[in-house]
Amino acid sequence: MALIDLGDVREEPAPEPPRRPPRTVGRPARVAAALVLTLVSLAGAAPVTAPASFTVPARSTTTAYLQGDRLFLLDPADAPAGRGGQLTAYAVPEAGDGPLAPLWRTPLPAAGADGAVFVHRDVVLVTGGSVDRPRRVFAFDLGTGRLRWERPGHVAPAGNALLAVENEGEEPGRVSSVDPATGRVGWSVATPVEATTYRFRPDGVDRIVASPSSGQIEVWDARSGVRLRSADLRPGELPVHQRSQSVDELLLMLRDNAALVTAYGLDELERRWEIRLGLVAYLAACGPLLCAYGQTGGMWALDRATGDVRWRATRWHETLVEREGRMLVRGPGSGAQDSFAVLDTATGRAVADLGTWEVSGRYPAEDRLIGLRPADGDRLFVAELDVAGGRTRVLEVLAGVTGDCQAGPRLLLCRRSGGGFGIWRLNR
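The sequence shown runs 1283 to 1710 under the numbering used here.
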């Protein structure tokens, strides 16, 4: 695949990003014009890949899930046509091209699936449900497609085990540890439906936090089921609506209509700091800092130890990754595309404007981010958003695709204009 630079990092000081415009406004005209000129010139110079490395037939209603070197196609049930739901698995080889032959096909149970498909150890987990059916999870053998077990709720990885969550209805919820191979429950904990949150690590959930509107806050080990800590953080006070989040070593409580943020140590539940920001949607780690994102846009970068505001940006509303002292942020763009920029983590200073793209796939820190942008006709620019370098590199221009793409560490999957999906290898 050809590599084409779209720009270089700007080391000179840049002005503070302007106030975040409404989503319908889009990017400023001068930036849009520059991007159009750049992309038009690239369209004439960059190679077009045809045909795709691999092709897979699929209906327009089929949903694809790319998991490493495995592809899973989920076909929903079609009662008028007399078809039941179906899950099909494919293995994407290291080399070769042409159509892929399925490894196996298996019928989906009557509940269907509208949630997610992911692989954990040697099972494929399919979460399903509908408006009139409670949510269930189905576990299929990764090698054969045989249904191993099913249970109510939905699941998430928790180390070697799975964490099953049942929280539908008005009754108290329940969190259980489930053996992926057999579906057997190891331990189970009753939790408040409206006030249970989780801390996520690279290998899944490792803490469960129950934080009702009054009374005891409880922290559980999601791997062993042991209750680690219990404390009343506001003894003697009346019940108040609150939301909690666990970010690394902190338990963050949002009160007063999400305007007041109080931080506690997750291990000991001791109070660390408190700050009033505004309407906070959620908080997340962004490198060494803690970022708070506003419900109406904008973000604050906070010192984790003190809660002090290090800097604020009104244009950006999400940090995707942080690497080598720089963070990739996104803001409103145009249509399905968002605006992206690289900021200096310590100061919030704009280092590079990467333009408008649609980012596909998940954002693990160890993987590169793939941006997509329509070209003329049914072509698509595929680019790497280089955070450390502060630039965008076009990897390829694909022909005969309509979008609906997913990017993994080595593969890119997109729906083709003529039907079905195409799979391309992404060079490192």
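Don't be surprised by glycine CBs; every beta carbon is placed ideally from N, CA and C. Keep in mind that this is a model prediction, so the values were computed, not measured.
CB of residue i within 8 Å of CB of residue j, strictly
i     : j     : result
T1588 : Q1527 : no
G1700 : G1671 : no
T1596 : G1617 : no
L1238 : R1592 : Residue 1238 lies beyond the residue range present for the chain, which begins at 1283 and ends at 1710; the question has no answer from this structure.
I1705 : L1390 : no
A1665 : V1676 : yes
P1454 : P1434 : no
R1481 : D1503 : no
V1338 : L1407 : no
V1543 : L1536 : yes
T1674 : G1637 : yes
S1459 : A1438 : no
A1477 : P1494 : yes
D1423 : V1405 : yes
A1373 : D1351 : yes
D1658 : T1684 : no
T1344 : W1386 : no
G1465 : R1430 : yes
R1692 : L1708 : yes
Bounding residues of the beta strand (DSSP E) (the contiguous stretch that carries residue i)
i     : result
H1402 : 1399 to 1402
T1388 : 1386 to 1389
Q1619 : 1619 to 1626
G1425 : G1425 -> no beta strand (DSSP E), and no H or E assigned at all.
Q1349 : 1345 to 1349
Q1368 : 1368 to 1373
E1600 : 1600 to 1605
Q1527 : 1525 to 1529
T1638 : 1632 to 1642
V1508 : Per DSSP, V1508 belongs to no beta strand (DSSP E) and is neither H nor E.
S1616 : 1608 to 1616
R1558 : 1553 to 1558
P1656 : 1651 to 1656
E1448 : 1443 to 1448
L1572 : 1571 to 1576
L1565 : 1562 to 1568
A1583 : 1581 to 1584
Option nearest residue i by Cα separation, candidates the options
i     : options                    : result
L1356 : L1348, P1570, A1363        : L1348
R1483 : A1540, R1553, A1566        : A1566
P1462 : S1495, D1503, A1628, F1420 : F1420
S1642 : L1625, L1662, R1631, G1630 : L1662
D1360 : E1376, R1341, W1598        : R1341
A1623 : D1658, L1667, V1401        : L1667
M1609 : A1513, G1366, Y1564, L1625 : L1625
L1651 : L1694, T1627, G1615        : L1694
V1487 : F1336, S1621, D1404, L1445 : L1445
R1418 : T1409, L1424, G1425        : T1409
G1518 : R1525, V1679, S1496, G1350 : S1496
P1375 : A1492, G1425, S1335, G1615 : S1335
A1443 : G1366, Q1368, V1401        : V1401
R1612 : A1628, T1629, D1635, D1590 : D1635
R1558 : G1569, R1387, G1576, L1551 : G1576
T1629 : H1599, L1654, Q1619, D1585 : D1585
A1492 : Q1368, F1703, N1449        : N1449
E1678 : T1684, T1370, R1655, A1563 : R1655
A1563 : W1555, N1539, A1545, E1556 : N1539
W1398 : P1358, T1578, R1428, R1387 : Looking at the sequence shown, residue 1398 is not Trp but Ala. Checked all of P1358, T1578, R1428, R1387; the closest Cα to A1398 is P1358.
G1560 : V1529, A1541, D1549        : A1541
T1627 : G1615, T1345, S1621, C1573 : C1573
V1501 : G1465, E1556, V1529, L1551 : L1551
T1715 : T1464, T1473, T1388, T1578 : Outside the shown range of the chain, which is 1283 to 1710, sits residue 1715, and nothing can be said about it.
W1598 : G1607, R1605, E1606, T1578 : T1578
Opposing strand residues paired with residue i [DSSP bridges]
i     : result
G1704 : T1337, C1696
V1467 : V1460
Q1688 : L1695
P1494 : Looking at the DSSP assignment, P1494 forms no beta bridge with any residue, so it has no partner.
T1674 : L1667
D1357 : Q1368
T1596 : DSSP output for T1596 lists no bridge partner at all.
R1537 : L1542
L1407 : F1400, A1421
P1416 : Answer by DSSP bridge pairing: none, since P1416 is not bridged.
P1381 : T1337
G1486 : A1440, R1483
R1433 : V1419
G1455 : T1473
E1500 : A1492, S1512
L1520 : In the DSSP output, where bridge partners are listed per residue, L1520 has none listed.
### Query
Counting pairs of beta carbons, one from the segment 1464 to 1475 and one from the segment 1494 to 1514, are three or more of them closer than 8 Å?
yes
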